[in-house]
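To start, the structure under review is shown below, and the notes come after it.
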Amino acid sequence: MSLTFYTNPMSRGRIARWMLEETGAAYETRYLRYGPEMSSADYTAVNPMRKVPAIVHDGKVLTECAAICLYLADAFPKADLAPPLDARADYYRWMLFAAGPWEAASTNRSLNVEVSPETSGMVGYGDFDRTLDALLSAVPDEGYLLGPKFSALDVYMGSQISWGSQFGSIPKTLRVEAYLERLQSRRGYIRASELDDAAMATYGPAG
Ligand SMILES: N[C@@H](CCC(=O)N[C@@H](CS)C(=O)NCC(=O)O)C(=O)O
């Protein structure tokens with residue numbers, strides 16, 4: 000088995016790193032600096048978007064954090080990070096909601112791009128406020144997004160919620176903060192953060 004992880008410690012690669020750590024799988028990390036290293040011919044062959052993260056598992060290339068989380072949960076079933084096939088409605092629904100409507104709405108909000116009421120019907124997320132309301136409706140009072148069991152959905156959507164609350168697009172309510180505390184006390188999260196924090200000195204902006 001070979002598993003290679005391409006990342007930069009100051010990137011969405013932190014989501015994929017956390018997921019990798021949750022699986023318990025052994026993997027090799029290749030750090031890429033922003034700029035020429037991400038645009039090299041070697042890396043463009045892995046990800047023509049010239050973005051991180053990406054993984055290569057036994058010759059299979061995966062890009063897009065949400066796809067990486069879904070894939071790894073199935074590739075390493077012993078880690079028990081995906082619900083059974085007949086109980087995946089919420090799992091798929093919220094994973095793709097977080098990767099599509101929420102990611103677009105929160106990015107546009109941070110760039111001060113607002114959708115007018117006349118055009119919101121054409122925009123996949125409609126408008127920011129209703130996308131935020133939908134996202135908050137999924138945050139549980141206790142346990143995790145799918146119930147008492149942690150899953151790959153918590154890695155991906157939980158990371159989006161964490162970043163949103165850090166950067167001000169998601170209000171820091173008690174419910175949101177308590178949910179994030181549950182996520183951030185996990186061993187996989189702590190180990191992933193330690194690895195990426197340590198790599199910042201070499202591969203982060205000042206590296
Ligand atoms: N949709 C991609 C987004 C990946 C992405 O935007 N990565 C950024 C870092 S967070 C990047 O590599 N930027 C470098 C560039 O575009 O030059 C995912 O979810 O993995």
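The sequence shown: position 24 = 23 (numbering that gives the first Met the number 0), numbered continuously. Here a beta-carbon is modelled for each residue, glycine too, at the ideal position from N, C-alpha and C.
Distance, Cα to Cα, residue i vs residue j?
i, j, result
"A151", "A81", "6 Å"
"M207", "A137", "The requested residue 207 is not part of the displayed model; the chain covers only 0 to 206."
"R29", "E117", "46 Å"
"P139", "R174", "7 Å"
"Y143", "L110", "30 Å"
"A133", "A198", "35 Å"
"T190", "A24", "Contrary to the premise, residue 190 reads as Arg rather than Thr in this sequence. If I take the Cα positions, the gap works out to 13 Å."
"E102", "A177", "22 Å"
"V122", "A65", "21 Å"
"G146", "K50", "33 Å"
"A4", "N107", "Going by the sequence as given, residue 4 is Phe instead of Ala. Distance between the alpha carbons of F4 and N107 is about 28 Å."
"K171", "Y90", "24 Å"
"S119", "I14", "30 Å"
"E141", "I169", "18 Å"
"M18", "Y26", "12 Å"
"M0", "D128", "45 Å"
"L71", "F96", "19 Å"
Give the DSSP-derived three-state secondary structure of residue i in the structure shown.
i, result
"G50", "Rather than Gly, the amino acid found at residue 50 in this sequence is Lys. Of the three classes helix, strand and coil, the one that applies to K50 here is coil, per DSSP."
"F75", "coil"
"Y5", "strand"
"R92", "helix"
"R87", "coil"
"L80", "coil"
"R181", "helix"
"L61", "strand"
"Y30", "strand"
Kindly examine ligand 1 and report whether one of its heavy atoms sits closer than 7 Å to the Cβ of residue i.
i, result
"E244", "Here the chain covers residues 0 to 206 and nothing more, so residue 244 does not appear."
"P8", "no"
"R29", "no"
"V51", "yes"
"M199", "no"
"M37", "yes"
"Y33", "yes"
"R16", "no"
"R108", "no"
"R87", "no"
"P11", "Here the sequence assigns Arg to residue 11, which means Pro is not the residue at that position. At least one heavy atom of ligand 1 is nearer than 7 Å to the Cβ of R11, so yes."
If we count the other Cβ atoms within 10 Å of its Cβ and call it buried at 16 or more, is residue i buried or exposed?
i, result
"G187", "buried"
"S158", "buried"
"D153", "buried"
"E193", "exposed"
"V45", "buried"
"L84", "exposed"
"R32", "exposed"
"M48", "exposed"
"S161", "buried"
"G58", "exposed"
"E20", "buried"
Is residue i close to ligand 3? I mean its beta-carbon at under 7 Å from any heavy atom of the ligand.
i, result
"R190", "This structure does not include ligand 3; its bound ligands are ligand 1."
Runs of alpha helix (DSSP H) wholly within the segment 100 to 161 (minimum 4 residues, chain order)
102 to 109 and 127 to 137
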